[in-house]
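Asks: Numbering of the sequence shown is given in my numbering, commencing with residue 1097 and proceeding in unit increments.
Would you mind keeping the following structure in view while I ask a few things?
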Amino acid sequence: MKKKNEGRNLSEEEIEGYILASKVSVWKRNIHYILFFTSKRMIAAKVGGQREELTLIADAFAFARKAEELKDISTESILRADIDNFEIPYSDVINIEIKKAGWKERLMSNVPALSPIGILRMTIKGKEEQKFYITRTERMDPSWPSGLRPQGLEDCIKIVNSILPDKLSAKG
């Protein structure tokens, strides 16, 4: 059995929490991400595109299983795993806004089962704003009888607030 943090450099940052999210576009392909929040940066790890949407819809565990699997490998390995993976150092973050998704955002989602519950918007120094739709999906949680529980907007706010309280603006 693989031990947590096996193969990690002890000086490397630890993953503090994660949010399951998507970048949805009418004109471009959808990309589904796990947003890992470490002590130093946010890492966006691609878990699928439009081809994988059926799997993410049919298997409630798929998104959560992938998050748990990636959580235990090095952050550098996560970044190298896919060309669509990227990082945002917290020193570059001007602010983060998390708000409840409105009817327009829910309507824009072309996959109702992955319909957004919220929006996470990051303003970054010298770069284009990053906008993610916080996905209505399941998270691993051993305290729940099924081992899964719905990801809530409050969970997402709590994760970001614990790491970047001075840069977070939350509207529930």
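Where is the CB? At the ideal position from N, CA and C, for every residue including glycine.
What's the C-alpha gap between F1228 and I1127?
Replies: On the sequence shown, position 132 is the one that residue 1228 refers to. On the sequence shown, position 31 is the one that residue 1127 refers to. Computed Cα separation, rounded: 10 angstroms.
Asks: Just to check my reading of the structure: E1110 and T1134 have Cβ atoms closer than 8 angstroms, yes? What is that Cβ distance to the nearest angstrom?
Replies: To locate residue 1110, count along the sequence shown from 1; it is residue 14. To locate residue 1134, count along the sequence shown from 1; it is residue 38. E1110 to T1134, Cβ: 6 angstroms. Contact.
Asks: By DSSP, does N1052 sit in helix, in strand, or in coil?
Replies: Here the chain comprises residues numbered 1097 to 1268, so residue 1052 is not present and cannot be evaluated.
Asks: If distances are taken between C-alpha atoms only, which option among R1161, I1213, I1192 and K1267 comes closest to R1137?
Replies: Reading the sequence shown from its first residue, position 41 is the one you call residue 1137. R1137 has its Cα closest to that of I1192, out of R1161, I1213, I1192 and K1267.
Asks: I need the straight-line Cα distance from N1257 to G1198, nearest angstrom please.
Replies: Residue numbering aside, residue 1257 sits at position 161 when the sequence shown is read from its first letter. Residue numbering aside, residue 1198 sits at position 102 when the sequence shown is read from its first letter. Their backbone Cα atoms lie some 22 angstroms apart in a straight line.
Asks: By Cβ distance, which residues of its chain are closer than 7 angstroms to T1219, with the 5 residues on each side in sequence left out?
Replies: Against the sequence shown, residue 1219 aligns to sequence position 123. So the qualifying residues of the chain are I1190, N1191 and E1225.
Asks: Please state the DSSP three-state secondary structure of K1221.
Replies: As a position in the sequence shown, residue 1221 is number 125, starting the count at 1. Coil, per DSSP.
Asks: At which residues does the alpha helix (DSSP H) containing R1176 begin and terminate?
Replies: For the purposes of this step, residue 1176 is taken as residue 80 along the sequence shown, with counting starting at 1. Run containing R1176: T1171 to R1176, per the alpha helix (DSSP H) assignment.
Asks: Would you kindly work out how many angstroms separate the C-alpha atoms of A1163 and K1119, rounded to a whole number?
Replies: As a first step, residue 1163 must be located in the sequence shown, where it is residue number 67. As a first step, residue 1119 must be located in the sequence shown, where it is residue number 23. Straight-line Cα distance between these residues: approximately 17 angstroms.
Asks: Taking the alpha carbon of G1222 as the reference point, which residue from L1249, G1248, E1250 and P1185 has its own alpha carbon closest?
Replies: As a position in the sequence shown, residue 1222 is number 126, starting the count at 1. The shortest Cα separation from G1222 among L1249, G1248, E1250 and P1185 belongs to P1185.
Asks: Which of the three DSSP states is assigned to E1110 in this structure?
Replies: Locating residue 1110 in the sequence shown gives position 14, counting from the first residue. The answer is coil: DSSP assigns E1110 none of H, G, I, E or B.
Asks: Looking at the ligand FMN, does it come within less than 8 angstroms of G1222, judged from the CB to the closest heavy atom?
Replies: No copy of the ligand FMN appears in this structure; indeed no ligand is present at all.
Asks: To the nearest whole angstrom, what separates the beta carbons of I1259 and E1112, a pair I think is in contact under 8 angstroms?
Replies: Sequence index remark: in the sequence shown, residue 1259 carries index 163 (1-based). Sequence index remark: in the sequence shown, residue 1112 carries index 16 (1-based). Indeed they touch by this definition, with Cβ atoms about 6 angstroms apart.
Asks: In its own chain, which residues sit with a C-beta less than 6 angstroms from the C-beta of K1263, not counting the 5 before and 5 after it?
Replies: Here residue 1263 is taken as the residue at index 167 of the sequence shown, counted from 1. Cβ within range, chain order: V1189, N1191 and I1192.
Asks: Can you tell which of A1160, Y1129 and K1167 has its C-alpha closest to the C-alpha of I1059?
Replies: No statement about residue 1059 is possible, as the shown extent of the chain runs from 1097 to 1268 and does not include it.
Asks: Under the rule that 16 or more other beta-carbon atoms within 10 Å means buried, what is A1160, buried or exposed?
Replies: By one-based count along the sequence shown, residue 1160 stands at place 64. Buried is the call here.
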